[in-house]
Amino acid sequence: MDLGIKKMKFLLTTLTQFTVLLLLAFSSFAVFSQDKQSIKKINVIPYDIAINEQGGSITVLPEKITIIANKGTDLFTNTTGDKSVDKSPRVLFEPRGDFIFSAKVSGDFTTAYSGGALMVYVNGQHWAKLLFERFKSGHNGIATTVTSTTGDDAYHGTRQAQSYYLKIARHDTSYVFYTSKNGQDWNFERHFSLEKNTQVHIGFTAQSPLAEAQQVTFTNIEFKGERFKNYWQGL
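Per the working numbering, the sequence shown starts with residue 2, numbered consecutively.
Structure (structure tokens):
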């Protein structure tokens, strides 16, 4: 009888230890998986990034970002401020001080207003974007929007390309947008300011107001935490 009880206790102890080890292994795997999903790094950006997949999906690699925007996604405010949309997948970070930030934006745009942009974002009422998109005319081109409660849109001509370089530079509390076909020779597009003394994020977004989906890739990403020396080139 004593021998049977000892065997039973031994089996119960062994089973308990095995269960604990199994739970620990599962917990470690779960933590590892969570960390693997949550740790996202972009090599040249020295800040933590925030990923918001509202209306799409995002893949972040050390030197490349791919954003798929689903139908109905957009970042838009009309000139009276009574109509706005603030729903687009985006990757943002919060830089400090002056900076120069650029990327090559690529997409096979076939539907009007589908595109990819670099953005400056305070909140839904104060933001700006530098957008490479498909115009309603059927040509690709550059558009910008600066929104401070009401929207101010501008078009900057067509581009015969499926990829284009976009750049944002900040000095003090103002921002400058630039574009380039080769990433070396830049065109000045727009100079503006947003709300002062507020938390400002910048980053990447894609939109697809009418198409079922639009994939946009961001490569050749560069970030310098310094003020430009050449105002017209952002260099």
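Where is the CB? At the ideal position from N, CA and C, for every residue including glycine. Everything numeric in this text was worked out from a predicted model, so none of it was measured.
Residue burial classification, Gln-163 (beta-carbon count within 10 angstroms, cutoff 16): exposed
How many angstroms separate the CA atom of Pro-63 from the CA atom of Thr-220? 10 Å
Take Ser-85 and list the residues in its own chain whose beta-carbon comes closer than 6 Å to its own, dropping the five residues that flank it on each side. Thr-78
Residues in its own chain within less than 8 Å of Leu-211 by CB, not counting five upstream and five downstream? Lys-72, Thr-112, Ala-113, Tyr-114, Ser-115
Taking the beta strand (DSSP E) that Ile-66 falls in, what are its first and last residues? 65–71
If the criterion is Cβ atoms closer than 8 Å, does the pair Leu-119 and Leu-167 meet it? yes
Along the chain, where does the beta strand (DSSP E) that runs through Ile-203 open and close? 202–208
Complete runs of the beta strand (DSSP E) confined to the stretch 133–166 [at least 3 residues]: Runs of the beta strand (DSSP E) lying entirely within the stretch 133–166 and spanning at least 3 residues, in chain order: 141–149, 151–159.
According to DSSP, simplified to helix, strand and coil, what is Arg-97? Coil.
Using 8 Å for Cβ pairs, my map puts Arg-191 next to Thr-145. What's the rounded Cβ distance? 5 Å
Select from Thr-151, Phe-229, Ile-222 the residue whose C-alpha is nearest the C-alpha of Ile-46. Ile-222
Taking the alpha-carbon positions, what's the Phe-178 to Leu-131 distance? Spanning the alpha carbons of Phe-178 and Leu-131 requires a straight line of approximately 7 Å.
Grab me the residues of Ile-52's own chain with a C-beta within less than 6 Å of its C-beta, minus the 5 sequence neighbours each way, in chain order. Ile-59, Val-92
Compare the beta carbon distance of Tyr-176 and Ala-129 with 8 Å and say whether it is the shorter of the two. yes
Just confirm the distance between the C-beta atoms of Leu-76 and Gln-216, as a whole number of angstroms; I'd bet it's less than 8 Å. Not really, about 17 Å apart at Cβ, beyond 8 Å.
Mark Gly-235 as exposed unless 16 or more other C-beta atoms lie within 10 angstroms of its C-beta, in which case mark it buried. buried
Paired residues, beta bridge with Val-92 - DSSP: Ile-52, Phe-205
Just to confirm before moving on: does the CB-CB distance between Val-147 and Val-201 stay below 8 Å? No Cβ-Cβ contact shorter than 8 Å links Val-147 with Val-201.
Using the rule of at least 16 other Cβ atoms within 10 Å of the residue's Cβ for burial, across every protein chain shown, is Phe-133 buried or exposed? buried
Which residue comes first and which comes last in the beta strand (DSSP E) that contains Glu-190? 188–194
Are the CB atoms of Asp-99 and Glu-196 within a distance shorter than 8 Å? One thing to note: Glu-196 has its Cβ no nearer than 8 Å to the Cβ of Asp-99.
Could you have a look at Ser-115 and say whether DSSP puts it in helix, strand or coil? coil
Which value, in whole angstroms, describes the spacing of the CA atoms of Phe-136 and Tyr-156? 10 Å
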